[in-house]
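S.K.:
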Amino acid sequence: MKPDLSDAEIKGPAECWAFSNGVLTGKNVPEKKGSILWTKRKFKDFTATGEFKFTGSIDSGVFLRTEGDQIQIGISGSLKRDMTCSPYIAKTGKYPKEADVKDLLKLGEWNAFSITATGSHYVISLNGKQVMDYTSDTAVEEGPIGFQVHPGVEMTIDFRKLEVKPL
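Mind the numbering: the sequence shown is residues 14 to 180 in the numbering used here, read in order.
1) Please report the residue range of the beta strand (DSSP E) in which R173 lies.
2) Smallest Cα separation from P43: which of M168, G87, K178, K174?
3) Should D95 be labelled buried (16 or more other beta-carbon atoms within 10 Å of its own) or exposed?
4) Would A61 be called buried (16 or more neighbouring beta carbons within 10 Å of its own) or exposed?
5) Looking at I86 and I137, is the spacing between their C-beta atoms short of 8 Å?
6) Starting from the Cα of D82, find the closest Cα among P157, E176, I170 and give me that residue.
7) Could you tell me the distance, in whole angstroms, from the CA atom of I49 to the CA atom of L117?
8) Helix, strand or coil for A152 per DSSP?
9) For S33, count neighbouring Cβ atoms within 10 angstroms of its own Cβ and tell me buried if that reaches 16, exposed if not.
10) In whole angstroms, what separates the C-alpha of G35 from that of N124?
11) Quick one: grab the DSSP three-state call for A27.
12) I'd like to know if the segment 66-78 and the segment 148-167 are in contact, where contact means that at least 3 CB-CB pairs between them fall below 8 Å.
13) Give me, in chain order, the residues of the same chain whose beta-carbon lies closer than 6 Å to that of G165; leave out the 5 immediate sequence neighbours on both sides.
14) Hey, A21 and T68 are a contact pair by Cβ (cut 8 Å); roughly how many whole angstroms apart?
15) Pull up the DSSP beta-bridge partners for V36, would you.
16) Use the C-beta contact count for L120: other C-beta atoms within 10 angstroms, 16 or more gives buried, fewer gives exposed.
17) Identify the continuous beta strand (DSSP E) that holds D58 and give its terminal residues.
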């Protein structure tokens with residue numbers, strides 16, 4: 014991401030997002046409205062890498078080409094438990110598979126992630142270990158990548174070293 018976020022489009026309150034010293038911060042506004050920061054560039058097959066850090070109860074994620082397919086970061090609002098690295102399918106409102114990250118996720122510290130999307134097939138790694146292999150029925154062929162600040166949740170999440178490489 015560029016420091017001025019000129020390579021991104023924001024859906025929802027722009028004040029939810031800031032970029033400083035190489036860190037993209039997503040934070041809820043007092044009204045607790047959500048926001049998604051989308052890349053302006055669209056991707057087909059890609060690998061997205063970076064690091065995230067959060068504390069407390071957050072509900073965030075990375076959208077894959079659409080708001081329909083998301084890789085969760087933090088506490089699921091519906092399940093009330095951590096579903097980090099699990100796919101969430103908006104059309105069904107469900108998590109079709111659950112990633113086991115209990116021993117890998119470092120709360121309050123930087124966590125490295127990798128998401129490889131090849132067609133409808135997603136492979137997700139956390140801190141160097143593959144934690145999810147999933148094929149989506151709802152994937153779209155091409156689209157932007159989005160970072161979420163969920164509505165109705167007071168939260169802060171930091172991302173850094175974000176990189177997307179087309180395959």
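Beta carbons: idealized from backbone N, C-alpha and C, even for Gly.
M.R.: On the basis of the data shown:
1) Mapped onto the sequence shown, residue 173 falls at position 160. Per DSSP, R173 belongs to the beta strand (DSSP E) from 169-179.
2) As a working mapping, residue 43 is identified with position 30 in the sequence shown. With distances taken between CA atoms, P43 lies nearest to M168 out of M168, G87, K178, K174.
3) Locating residue 95 in the sequence shown gives position 82, where the first residue counts as 1. By the beta-carbon neighbour count (other beta carbons within 10 angstroms, threshold 16), D95 is buried.
4) Looking up residue 61 in the sequence shown gives position 48. A61 should be labelled buried.
5) As a working mapping, residue 137 is identified with position 124 in the sequence shown. As a working mapping, residue 86 is identified with position 73 in the sequence shown. For I137 and I86, no; Cβs fall outside 8 Å.
6) As a working note, residue 82 is residue 69 in the sequence shown. The candidate whose alpha carbon is nearest that of D82 is P157.
7) For this step, residue 49 is matched to residue 36 along the sequence shown. For this step, residue 117 is matched to residue 104 along the sequence shown. Cα to Cα, I49 sits roughly 26 Å from L117.
8) Numbered from 1 along the sequence shown, position 139 holds the residue referred to as residue 152. Shown here, A152 sits in coil according to DSSP, grouped into three states, outside any helix or strand.
9) Within the sequence shown, the letter at position 20 stands for residue 33. Its Cβ having fewer than 16 others within 10 Å, S33 is exposed.
10) Position 22 of the sequence shown, counted from the start, is the residue given in the question as residue 35. Position 111 of the sequence shown, counted from the start, is the residue given in the question as residue 124. Approximately 16 Å between the Cα atoms of the pair.
11) Residue mapping note: residue 27 aligns to position 14 of the sequence shown, counting from 1. Note: A27 maps to helix in three-state DSSP.
12) Judged by Cβ distances under 8 Å, the segment 66-78 makes contact with the segment 148-167, as three or more pairs qualify.
13) Position 152 of the sequence shown holds residue 165. Only K45 meet the Cβ criterion.
14) Position 8 of the sequence shown, counted from the first residue, corresponds to residue 21. Position 55 of the sequence shown, counted from the first residue, corresponds to residue 68. Separation of the CB atoms of A21 and T68 is rounded to 24 Å, and the pair is thereby denied contact status at 8 Å.
15) Looking up residue 36 in the sequence shown gives position 23. Beta-bridge pairing links V36 to S33, R173.
16) Counting from 1 along the sequence shown, the entry for residue 120 is found at position 107. Counting C-beta atoms within 10 angstroms of its own C-beta, L120 has fewer than 16 neighbours from the protein chains shown and is therefore classed as exposed.
17) Within the sequence shown, the letter at position 45 stands for residue 58. Unbroken run through D58: none, as it is neither H nor E.
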